[in-house]
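Data first, discussion second: the structure below is written as C-alpha cells.
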Amino acid sequence: MGNFGLLDKEEENDVEVQWEDQQKINRFSRLNVLVDQLEEHYKKQKTEKEYLEDLAMEIELHDEDEPVMYRVGQGFMLLEVEDAQQRIEKQKEGIDNKVEELKTQIEETEKEMAKLKAALYNKFGKAINLEKD
Amino acid sequence: MADTADTNPRGIPKAPFVDDVEEYMKKSSGVEATLRKFAEAARQLIELNIAVYYDQINSKYKFMEANMTQRRQSLESKIPELEKTLETIQFLIDKKDDDKPIETMYELNDTLYAKAKLEKADKANVMLEYSLDEALELLQSKLNTANKGLENANEDISFLRDQITTMEVNTARIYNWDVRQRRAKKVSA
Chain A
1 MGNFGLLDKE EENDVEVQWE DQQKINRFSR LNVLVDQLEE HYKKQKTEKE YLEDLAMEIE
61 LHDEDEPVMY RVGQGFMLLE VEDAQQRIEK QKEGIDNKVE ELKTQIEETE KEMAKLKAAL
121 YNKFGKAINL EKD
Chain B
1 MADTADTNPR GIPKAPFVDD VEEYMKKSSG VEATLRKFAE AARQLIELNI AVYYDQINSK
61 YKFMEANMTQ RRQSLESKIP ELEKTLETIQ FLIDKKDDDK PIETMYELND TLYAKAKLEK
121 ADKANVMLEY SLDEALELLQ SKLNTANKGL ENANEDISFL RDQITTMEVN TARIYNWDVR
181 QRRAKKVSA
C-alpha cells in the first residue's frame, strides 16, 4: 500500500469497488511511487545544476592563460580555460533541459493524481484514504 | 491498461480482481447451502483460507518486487559508470585531430592520481584494444542494453505494485463484507 491507506477497515463502506475503480486505485498507487522518484531525480539534477553554475562563475575569475585540470570521466585533462568554459556551457545546457523535463513530468503526474483523487473520493468518501502520512 | 493477458511481458501473473464479494464468497464456499449448513464455523474457515491464500500470493509479489528493486539499483549504479567511460572516449575523439599531446591525470588508485601525456590517442583499451569509434560503439550498445534493462525493471516494479494494490484492496473488501455480515446477523438475531 505504500505510505497511504486504501479502503480503511474501520470505515463502513457499502459502495462496491468496480474493476474500473480498482484500476484507478492502482494507477494512483503507481503514480504515488513515481512522483517520489521524480522528485528525487529532480533534487539531484538541481544540485548538479547549481554546482555547474558556481563552476562557471569561478572559472571566470581564473587566469585565462593558466590551463585547468578538468574532470572527464574518471580522470582529469589539462585544458585551456576557453575549452573548459565551452564544456561547462554544454553540460549546463544538458542539465537545464533535464531539470525542465523533470519539472514538467512532476507537474503532469501531480495533475493526474489530483484527478484520480477527486474521482475516488467522490465515489468512496471516507472509506478510502489517499493522503500521504 | 487495456491488455487482457494474464501475465506481463516477463511472465509475472496478474492478481485476480474480486468483482463481487458476495458472489466470490459463495463460489469459494462451494454452494450457498453448505455455507448455511455449517453457518459461522464454515464461513470463518473459508475466510481464514482466503486470508492465508491472499497473504501467500501477496508475499510472492512482494518478494518479486524486492528482487526487482535490487536489480534496478544495480543497473542504476552501472549506468553512470558507462556514461563516464563514454564521456572519456568522446573527449578523446574530440581531441583526435589535435597535434598537441593531451596532458592528463589519471586515477592510478582510489586516492592516487598520476600524470600522463597522450601523444596520439586513437586507440582505447576497453579490456581489449579497440579503435576509438569501435570503443564508442561498444560502450553505446552496452549503455543501451543497461537502459533497456532498467526500463524493463521499472515496468515490472510498476506492474507488481498494481498487483499488490489489487490484492490489498481485495482483502480489505472481503474483510468489510464480513463486518457487514456480522452486523446484519446481530440485527436480525
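From first to last, the protein sequence lines are chains A and B. Read in UniProt numbering, the first sequence has 56 at position 56, and its numbers run on one by one without any break. Read in UniProt numbering, the second sequence has 110 at position 110, and its numbers run on one by one without any break. Beta carbons are placed, not taken as given, at the ideal position from N, Cα and C, and that holds for glycine.
Check	Outcome
May I ask you to verify whether the segment 53-69 of chain B touches the segment 155-163 of chain B, counting CB pairs closer than 8 angstroms and requiring at least 3?	yes
Enumerate in chain order the residues of its own chain whose CB-to-CB distance from lysine 14 of chain B is below 6 angstroms, with the five nearest sequence positions on each side excluded.	Asp6
Check each candidate in B:Pro101, B:Leu136, B:Lys120, B:Pro80 and name the one with the smallest Cα separation from leucine 79 of chain A.	B:Pro101
Pull up the distance between the alpha-carbon of valine 72 of chain A and that of tyrosine 106 of chain B, whole angstroms please.	10 angstroms
Taking a cut of 7 angstroms between CB atoms, which residues from the segment 147-174 of chain B lie near chain A?	Ser158, Arg161, Asp162, Thr165, Thr166, Glu168, Val169, Ala172, Arg173
To be precise: take each residue of the segment 54-78 of chain A, compare its Cβ to all Cβ atoms of chain B, and keep it if any distance is under 7 angstroms. Which residues remain?	Met69, Val72, Gly73, Gln74, Gly75, Phe76, Met77, Leu78
I'd like the span of the alpha helix (DSSP H) that includes alanine 114 of chain B, first residue to last.	Here alanine 114 of chain B belongs to no alpha helix (DSSP H); instead the beta strand (DSSP E) covers 112-118.
With DSSP as the reference, label glutamate 103 of chain B as helix, strand or coil.	strand
When the Cα of glutamate 112 of chain A is compared with those of A:Glu20, A:Gln18, A:Phe28, which residue comes out closest?	A:Phe28
At the level of alpha carbons, what is the spacing between valine 179 of chain B and isoleucine 25 of chain A?	22 angstroms
Tell me, please, whether the segment 70-77 of chain B touches the segment 139-154 of chain B by the rule of three or more beta-carbon pairs shorter than 8 angstroms.	yes
Pick out whichever of A:Lys123, A:Gly75, A:Lys43 has its Cα sitting closest to the Cα of glutamate 20 of chain A.	A:Lys123
Of the residues A:Leu61, A:Gly75, A:Ile59, which one's Cα is nearest the Cα of asparagine 109 of chain B?	A:Gly75
Apart from the five residues on each side of it in sequence, which residues of its chain come closer than 8 angstroms, Cβ to Cβ, to aspartate 19 of chain B?	none
Can you round the beta-carbon distance between arginine 173 of chain B and valine 21 of chain B to whole angstroms, since I take them to be within the 8 angstroms contact cut?	5 angstroms
Under 7 angstroms, CB to CB, which of the residues in the segment 56-87 of chain B have a partner in chain A?	Lys84, Thr85, Glu87
By DSSP's criteria, phenylalanine 76 of chain A is part of a beta bridge. Which residues make up the other side?	A:Arg71, B:Met105
Quick check: the Cα distance between alanine 33 of chain B and threonine 109 of chain A, rounded to an integer number of angstroms?	Unreliable placement is indicated for alanine 33 of chain B, whose pLDDT of 48 sits below 50; the coordinate value is still reported in the next sentence. Rounded to whole angstroms, alanine 33 of chain B to threonine 109 of chain A spans 49 angstroms at the Cα level.
List, in chain order, every chain A residue whose beta-carbon is nearer than 9 angstroms to that of serine 130 of chain B.	Per the sequence shown, the amino acid found at residue 130 of chain B is tyrosine instead of serine. Result: empty, since nearest Cβ-Cβ is about 16 angstroms, beyond 9 angstroms.
Kindly give me the distance between the Cβ atoms of leucine 136 of chain B and isoleucine 89 of chain B, rounded to whole angstroms, as I take these residues to be in contact under 8 angstroms.	5 angstroms
So which residues on chain A does residue 194 of chain B lean against when the C-beta distance must stay under 9 angstroms?	What the structure shows of chain B is the stretch from 1 to 189, and residue 194 of chain B is not part of that stretch, so it cannot be assessed.
On the DSSP bridge assignment, give the partners of tyrosine 7 of chain B in chain order.	Here the sequence assigns threonine to residue 7 of chain B, which means tyrosine is not the residue at that position. In the DSSP output, where bridge partners are listed per residue, threonine 7 of chain B has B:Pro13.
Identify the contact partners of valine 33 of chain A in chain B, using a Cβ-Cβ distance below 9 angstroms as the criterion.	Ile157, Ser158, Arg161
Suppose contacts are defined by Cβ-Cβ distances below 7 angstroms. Is leucine 132 of chain B in contact with isoleucine 93 of chain B by that definition?	yes
Between which two residues does the alpha helix (DSSP H) holding histidine 41 of chain A run?	19-61
Taking a cut of 7 angstroms between CB atoms, which residues from the segment 98-112 of chain B lie near chain A?	Ile102, Glu103, Thr104, Met105, Tyr106, Glu107
Please report the Cβ distance between threonine 171 of chain B and tyrosine 54 of chain B, rounded to the nearest whole angstrom; I am assuming they are in contact, meaning their Cβ atoms lie under 8 angstroms.	5 angstroms
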